[in-house]
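Novice: Chains as they are written, first to last, in the working numbering: chain W, 1 to 544; chain Y, 1 to 544.
Ideal placement from N, C-alpha and C gives every residue a C-beta, glycine not left out.
One structure, as structure tokens, below. Some questions next.
Number of protein chains: 2
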Amino acid sequence: MTWNTTGLDELPVYEKLMKLARNPFDLTAPGALAPERISNYKASAAGFDLLFSTQRLDDAVLSGLQQLADQSGAVDQFLAMKRGVVMNRIAGYESENRQVLHTSCRDIFSDPPCNAEATLQAKQQLEKLDVFLAQLDKGEVTNRRGETFTDYVNIGIGGSDLGPRALFLALSAYARENRRVHFISNVDPDDAAAVLQNLDLSRTLVGVVSKSGSTLETLTNEAMARAAYTRAGLEAGNHFVAITGQGSPMDNPQKYLRSFHMYDYIGGRYSATSMVGAVMLGFALGYEAFIEILRGANEMDRAAEEKDLKKNPALLLALLGIWNHNFLGHETVAVLPYSQALLRFPAHLQQCDMESNGKSLTRNGEKVPFSTGPIVWGEPGTNGQHAFYQLLHQGTAIAPAEFIGFRQSQHKFDLVIKGSTSQQKLVANMLAQALALAAGQKDENPNRFFAGNRPSSILLADKLTPYTMGALLALYEAKIVLQGFVWNINSFDQEGVQLGKVLANRLLDHMSILRHGGAKDREKHPESWAMLEAAGILQEDQPL
Amino acid sequence: MTWNTTGLDELPVYEKLMKLARNPFDLTAPGALAPERISNYKASAAGFDLLFSTQRLDDAVLSGLQQLADQSGAVDQFLAMKRGVVMNRIAGYESENRQVLHTSCRDIFSDPPCNAEATLQAKQQLEKLDVFLAQLDKGEVTNRRGETFTDYVNIGIGGSDLGPRALFLALSAYARENRRVHFISNVDPDDAAAVLQNLDLSRTLVGVVSKSGSTLETLTNEAMARAAYTRAGLEAGNHFVAITGQGSPMDNPQKYLRSFHMYDYIGGRYSATSMVGAVMLGFALGYEAFIEILRGANEMDRAAEEKDLKKNPALLLALLGIWNHNFLGHETVAVLPYSQALLRFPAHLQQCDMESNGKSLTRNGEKVPFSTGPIVWGEPGTNGQHAFYQLLHQGTAIAPAEFIGFRQSQHKFDLVIKGSTSQQKLVANMLAQALALAAGQKDENPNRFFAGNRPSSILLADKLTPYTMGALLALYEAKIVLQGFVWNINSFDQEGVQLGKVLANRLLDHMSILRHGGAKDREKHPESWAMLEAAGILQEDQPL
Numbered sequence: 001m002t003w004n005t006t007g008l009d010e011l012p013v014y015e016k017l018m019k020l021a022r023n024p025f026d027l028t029a030p031g032a033l034a035p036e037r038i039s040n041y042k043a044s045a046a047g048f049d050l051l052f053s054t055q056r057l058d059d060a061v062l063s064g065l066q067q068l069a070d071q072s073g074a075v076d077q078f079l080a081m082k083r084g085v086v087m088n089r090i091a092g093y094e095s096e097n098r099q100v101l102h103t104s105c106r107d108i109f110s111d112p113p114c115n116a117e118a119t120l121q122a123k124q125q126l127e128k129l130d131v132f133l134a135q136l137d138k139g140e141v142t143n144r145r146g147e148t149f150t151d152y153v154n155i156g157i158g159g160s161d162l163g164p165r166a167l168f169l170a171l172s173a174y175a176r177e178n179r180r181v182h183f184i185s186n187v188d189p190d191d192a193a194a195v196l197q198n199l200d201l202s203r204t205l206v207g208v209v210s211k212s213g214s215t216l217e218t219l220t221n222e223a224m225a226r227a228a229y230t231r232a233g234l235e236a237g238n239h240f241v242a243i244t245g246q247g248s249p250m251d252n253p254q255k256y257l258r259s260f261h262m263y264d265y266i267g268g269r270y271s272a273t274s275m276v277g278a279v280m281l282g283f284a285l286g287y288e289a290f291i292e293i294l295r296g297a298n299e300m301d302r303a304a305e306e307k308d309l310k311k312n313p314a315l316l317l318a319l320l321g322i323w324n325h326n327f328l329g330h331e332t333v334a335v336l337p338y339s340q341a342l343l344r345f346p347a348h349l350q351q352c353d354m355e356s357n358g359k360s361l362t363r364n365g366e367k368v369p370f371s372t373g374p375i376v377w378g379e380p381g382t383n384g385q386h387a388f389y390q391l392l393h394q395g396t397a398i399a400p401a402e403f404i405g406f407r408q409s410q411h412k413f414d415l416v417i418k419g420s421t422s423q424q425k426l427v428a429n430m431l432a433q434a435l436a437l438a439a440g441q442k443d444e445n446p447n448r449f450f451a452g453n454r455p456s457s458i459l460l461a462d463k464l465t466p467y468t469m470g471a472l473l474a475l476y477e478a479k480i481v482l483q484g485f486v487w488n489i490n491s492f493d494q495e496g497v498q499l500g501k502v503l504a505n506r507l508l509d510h511m512s513i514l515r516h517g518g519a520k521d522r523e524k525h526p527e528s529w530a531m532l533e534a535a536g537i538l539q540e541d542q543p544l
Numbered sequence: 001m002t003w004n005t006t007g008l009d010e011l012p013v014y015e016k017l018m019k020l021a022r023n024p025f026d027l028t029a030p031g032a033l034a035p036e037r038i039s040n041y042k043a044s045a046a047g048f049d050l051l052f053s054t055q056r057l058d059d060a061v062l063s064g065l066q067q068l069a070d071q072s073g074a075v076d077q078f079l080a081m082k083r084g085v086v087m088n089r090i091a092g093y094e095s096e097n098r099q100v101l102h103t104s105c106r107d108i109f110s111d112p113p114c115n116a117e118a119t120l121q122a123k124q125q126l127e128k129l130d131v132f133l134a135q136l137d138k139g140e141v142t143n144r145r146g147e148t149f150t151d152y153v154n155i156g157i158g159g160s161d162l163g164p165r166a167l168f169l170a171l172s173a174y175a176r177e178n179r180r181v182h183f184i185s186n187v188d189p190d191d192a193a194a195v196l197q198n199l200d201l202s203r204t205l206v207g208v209v210s211k212s213g214s215t216l217e218t219l220t221n222e223a224m225a226r227a228a229y230t231r232a233g234l235e236a237g238n239h240f241v242a243i244t245g246q247g248s249p250m251d252n253p254q255k256y257l258r259s260f261h262m263y264d265y266i267g268g269r270y271s272a273t274s275m276v277g278a279v280m281l282g283f284a285l286g287y288e289a290f291i292e293i294l295r296g297a298n299e300m301d302r303a304a305e306e307k308d309l310k311k312n313p314a315l316l317l318a319l320l321g322i323w324n325h326n327f328l329g330h331e332t333v334a335v336l337p338y339s340q341a342l343l344r345f346p347a348h349l350q351q352c353d354m355e356s357n358g359k360s361l362t363r364n365g366e367k368v369p370f371s372t373g374p375i376v377w378g379e380p381g382t383n384g385q386h387a388f389y390q391l392l393h394q395g396t397a398i399a400p401a402e403f404i405g406f407r408q409s410q411h412k413f414d415l416v417i418k419g420s421t422s423q424q425k426l427v428a429n430m431l432a433q434a435l436a437l438a439a440g441q442k443d444e445n446p447n448r449f450f451a452g453n454r455p456s457s458i459l460l461a462d463k464l465t466p467y468t469m470g471a472l473l474a475l476y477e478a479k480i481v482l483q484g485f486v487w488n489i490n491s492f493d494q495e496g497v498q499l500g501k502v503l504a505n506r507l508l509d510h511m512s513i514l515r516h517g518g519a520k521d522r523e524k525h526p527e528s529w530a531m532l533e534a535a536g537i538l539q540e541d542q543p544l
């Protein structure tokens, strides 16, 4: 590897930035938000503008951040990732040891693609999907009564749920007539029950998504869905579609109408543009709309290869995040879409970012001496303005914000009320929030005083479409991995989820011992037994 | 007022707690999670157990926190609030200067109630609602074709949306047959468009919720909904119900089928148990179920009057939060319900908590010298386990967690898979997470090492019902105001939302000037003009 694999704090420019951070740009100073600043602090690609004049930095910091990007070799690593270098590893220790090739799913427009083999596999799956969707359209694949399918239930959890769900909600304005999608994810039995009870199962397809074919929640929910089909006198095999790794226990034509494949070089949280999202989104929006998602994502992936911050919004957003997090000391980042359709996009990013960068170890297996991934949270505006924005403006904690907005609405169903359309009000509010957080306000009443200097950025596109949704998704995916490269952490594994699984199985074993009349082996795991008892799980004969 | 109105840092026990915080209880030490600790560290009320053995404290800290509660007079202030003392004020400055009486809505079971006048008003509204719901049931109020109403659209934002929505989702398992509820909140025109396009408006009631009768988003969405009725050839007056302040511009029988009243002593974020939630929840669940919500809330409100931390889960949760936030330095709190039905409860709490306690000013108008309200975020488990829990376990930031779970499911549609039901898996996972976060795990592979000492609590009840939902809501409402009392801040105003409104109106004025061919008055507000231009709002003739 040619890039630097030392941590952030060992890069030459680190000390310079630490020094600059002691006295960050004062957004409340008279004239601080000068028109030239506002128009110059802007980077654009793939339909998006990133406005960042309301961040606490000046040209000196910006040039320091450019050096930080260069010295860390973040963009070179991004290119290496796209080409298929094994990036998912911890040197010297047992690790997943895999390539990271989610970008290959949308590299179908380039010739040659960055990684020919992975993109060939992506194309083969897309062709299979195209055929299947055409069969649905032509009535060649139907239920036993010869009726078309109108509903689709996506069963998956984590990356097999959050990304696909966020994308579906974002684009449901473009859903084809009489095509509805529902989601089951939680092992909570009420999740499946609530979804299944309101469906005409006879006209419903069920997509089961698990790379390993062994995700406990997903298998459990699949079994519940199959039980509902049996109860309704229907043959589940005519309705269930598998999205899984080739050769997994789920890759079984006996049990599924079709199987679509995903590959081990695509992590769950980066899988929305693979078959994980494709089958459901293709059903809902049509094949061509899904290809448009890929086109937008690919365009942004290519912009993410630019070394110049001003030409690479993903890299810029990554470095602004590092400035706020590591240098100005802000622990969280709020993602605030001014678009109701992006309702669940923050939850997807929360997953993608926090599971990727919530790490304490460098890729050399050493403890990081600085802060890594922030806590990501957020809800759509203007709703949030009537909820938690009070704290953003006047709280003691400072949460840098990333606004996302669009110049036009999706449905074009709008009215002029008090001199403006709803869409104008929406955009005006977003821009106003960035200005208000930055500039603050003096007032003699201390309760009407706003300290200002609360940093934010604005991502803006013309309209939320399949293309811009793809670009936005890729922008954030690239932001996250670029931050990981600068921090020198492995953004692609998730060892932190294992311990909870082990302890949950231990508790389930305890419960099972008791149900079968066994004795409590208190000696071995006193805390698990005590927790079950304190929780009242073992005290009475409950339905549990 | 008899209680102490100095800040947290001036209370006698503050220094003692600061000292104890230098060396907090080590949850990873051998035997730290002893069975006695696990069973003793528990407080119960109104159907809920609060388990807190996995917090970083011991008996010395607990006794310090009890002293902190006592010295701040938090419980006395809570009682004063319930009785009608003007708690919403900043001494010496213009402020809202109001009573805070959301608890009066559910104080209908006591004789005499804490505040007779407010509870009488609550009862009168409930009686009006009871009559209206019975008229719907008996077919005395129908659409013009004499058909019953099957759907209800709630139009409101902030407190008129998040709390009611969270409660409806939590309890939709108990919805009456053929009664569905939908929500429109965002000024984003696509929010209304997406909801309205799929409804049979002729059989739909629309509840418009705004205390002032002048919330811009809500009036705008109401106008869009009325336009849809007109377009469908329907008379909106036969379908629209107002929930508003008595005498507000919306309190107009010409325009609404019915009006239900809310009062200025109930803040929006605390209004879910007033008519704000009552009309919609009564429609969906029936009147009796809504009364059960009030019964649970009232029971918890009464437990919140206990001075002993161990008998008052709300007070204990408040003090545990202060321990983690002010003494151990954790900036956020994650609310993690192990119940898919509580999907939107964290968003409601995010509002209720951050809008209440995101303040920098004491009730004496002085700047607070310590940290106030935390950033609140969260998503249901087990979903979160496949998303952001990686950071909770192995990230560099520590986010204290509040788990919420139930021993039984709502739908009772469950299966045994691999030896356990889904409900058992769900509860086992929640308990396991608390143990794993606390105890951590040693491993030779540094990537499989868990540092532990990540604090959490568990709130547990038998089942999510109207009663327990009411209790849970009241528990958190009490927690939030009790924290505010300890911090000596005003948890009941929201001055921090004003500046954004002013700037949004300025931007809308700019847009209007341009649409009418006026000149840009760049001198006065150069930053607003520059922001509009940089955002590309004014550059071309867009539909905007």
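Using the beta-carbon of each residue, which ones in chain A are nearer than 7 Å to leucine 171 (chain W)?
Specialist: Absent from the structure: chain A. Protein chains present are W and Y.
Novice: Quick one, which residues of the region 359-383 of chain W are near chain Y if we go by CB-CB under 9 Å, in chain order?
Specialist: Correct list: Lys359, Ser360, Leu361, Gly365, Glu366, Lys367, Val368, Phe370, Ser371, Thr372, Gly373, Pro374, Ile375, Val376, Trp377, Gly378, Glu379, Pro380, Gly381, Thr382 and Asn383.
Novice: Quick check for students: name the residue ranges of the alpha helix (DSSP H) that lie wholly in the region 45-123 of chain W, counting only runs of 4 or more.
Specialist: Complete alpha helix (DSSP H) runs here, min 4: 59-72 and 74-83.
Novice: Which of the three DSSP states, helix, strand or coil, is assigned to glutamate 208 (chain Y)?
Specialist: The amino acid at residue 208 (chain Y) is misidentified as glutamate; the sequence shows valine. Residue state, collapsed to three classes: strand.
Novice: Quick check on leucine 20 (chain W): does DSSP put it in helix, strand or coil?
Specialist: The answer is helix: DSSP assigns leucine 20 (chain W) an H, G or I state.
Novice: Would you call leucine 126 (chain Y) buried or exposed, if buried means 16 or more other Cβ atoms sit within 10 Å of its Cβ?
Specialist: So leucine 126 (chain Y) counts as buried.
Novice: Specify, as a first and last residue, the run of the alpha helix (DSSP H) that phenylalanine 168 (chain W) falls within.
Specialist: Element bounds for phenylalanine 168 (chain W): 162-171.
Novice: Please name the residue in W:Asp509, W:Cys114 and W:Gly213 whose C-alpha comes closest to that of glycine 517 (chain W).
Specialist: Minimum Cα distance to glycine 517 (chain W) is reached at W:Asp509.
Novice: Is there at least one Cβ from chain Y nearer than 8 Å to proline 543 (chain W)'s Cβ?
Specialist: Its pLDDT being 42, under 50, proline 543 (chain W) is placed unreliably in this model, and the coordinates cannot settle the point.
Novice: Under three-state DSSP, which class holds valine 279 (chain Y)?
Specialist: Helix, per DSSP.
Novice: Assuming glycine 365 (chain W) and proline 446 (chain Y) make a contact with CB atoms under 8 Å, what is their CB distance in whole Å?
Specialist: Confirmed, Cβ separation roughly 5 Å.
Novice: Can you pull the chain Y residues whose beta carbon is under 7 Å from the beta carbon of asparagine 154 (chain W), in chain order?
Specialist: Result: empty, since nearest Cβ-Cβ is about 13 Å, beyond 7 Å.
Novice: Considering only DSSP beta bridges, list what aspartate 151 (chain W) is partnered with.
Specialist: Answer is W:Arg180 and W:Thr204, bridged to aspartate 151 (chain W).
Novice: Looking at the secondary structure, which residues open and close the beta strand (DSSP E) in which arginine 258 (chain W) lies?
Specialist: Taken as a continuous stretch (DSSP letters only), the beta strand (DSSP E) holding arginine 258 (chain W) covers 258-262.
Novice: Are the Cβ atoms of asparagine 490 (chain Y) and lysine 367 (chain Y) separated by less than 8 Å?
Specialist: The answer is no: Cβ separation not under 8 Å.
Novice: Does the distance from the C-beta atom of leucine 11 (chain W) to that of leucine 68 (chain W) stay below 8 Å?
Specialist: For leucine 11 (chain W) and leucine 68 (chain W), yes; Cβs fall inside 8 Å.
Novice: Residues of the region 201-234 of chain Y in Cβ contact with chain W at a cutoff of 9 Å, in chain order, please.
Specialist: Within the region 201-234 of chain Y, the residues whose Cβ lies closer than 9 Å to some Cβ of chain W are Thr215, Leu216, Glu217, Leu219, Thr220, Asn221, Ala223, Met224, Ala227 and Ala228, listed in chain order.
Novice: Using only the alpha-carbon positions, how far apart do arginine 179 (chain Y) and tyrosine 476 (chain Y) sit?
Specialist: So the alpha carbons of these two residues sit roughly 28 Å apart.
Novice: Using CA atoms only, rank isn't needed, just tell me which of W:Leu219, W:Ala478 and W:Leu499 is closest to leucine 319 (chain W).
Specialist: Cα-wise, what sits closest to leucine 319 (chain W) is W:Ala478.
Novice: Kindly indicate the opening and closing residues of the beta strand (DSSP E) around serine 339 (chain Y).
Specialist: Here serine 339 (chain Y) belongs to no beta strand (DSSP E), and DSSP marks it neither H nor E.
Novice: Return helix, strand or coil for lysine 524 (chain Y), following the three-state DSSP convention.
Specialist: Note: lysine 524 (chain Y) maps to coil in three-state DSSP.
Novice: My output table needs one value for aspartate 541 (chain Y): the three-state DSSP class, helix, strand or coil.
Specialist: Unreliable placement is indicated for aspartate 541 (chain Y), whose pLDDT of 42 sits below 50; the coordinate value is still reported in the next sentence. Correct three-state label for aspartate 541 (chain Y): coil.
Novice: For isoleucine 546 (chain W), does the three-state DSSP call read helix, strand or coil?
Specialist: Because chain W spans 1 through 544 in this model, residue 546 (chain W) falls outside it and cannot be assessed.
Novice: If you follow the alpha helix (DSSP H) that phenylalanine 345 (chain W) is part of, which residue opens it and which one closes it?
Specialist: Per DSSP, phenylalanine 345 (chain W) belongs to the alpha helix (DSSP H) from 345-357.
Novice: Rounding to the nearest angstrom, what Cα-Cα distance links proline 543 (chain Y) and glutamine 408 (chain W) in this structure?
Specialist: Bear in mind that the predicted position of proline 543 (chain Y) carries a pLDDT of just 42, short of 50, making it too unreliable to give a figure here.
Novice: Taking C-alpha atoms, which residue in W:Trp529, W:Thr119, W:Phe388 and W:Asn488 lies nearest to methionine 87 (chain W)?
Specialist: Nearest C-alpha to methionine 87 (chain W): W:Asn488.
Novice: Among all the DSSP beta bridges, which residues are the ones paired with glutamate 255 (chain W)?
Specialist: Reading off the sequence, residue 255 (chain W) comes out as lysine, not glutamate. Answer is none; lysine 255 (chain W) lacks a bridge partner.
Novice: For the alpha helix (DSSP H) holding serine 546 (chain W), just list the boundary residues, first then last.
Specialist: Past the edges of chain W, shown from 1 to 544, lies residue 546 (chain W), and the structure says nothing about it.
Novice: Measure the alpha-carbon distance for glutamate 96 (chain W) versus phenylalanine 109 (chain Y) and round it to whole angstroms.
Specialist: Computed Cα separation, rounded: 60 Å.
Novice: To the nearest whole angstrom, what separates the beta carbons of isoleucine 157 (chain W) and glutamate 222 (chain W), a pair I think is in contact under 8 Å?
Specialist: 11 Å between Cβ atoms; not a contact.
Novice: Let's see if you can read the secondary structure: which residues bound the alpha helix (DSSP H) around glutamate 140 (chain Y)?
Specialist: No alpha helix (DSSP H) contains glutamate 140 (chain Y), which DSSP labels as neither H nor E.
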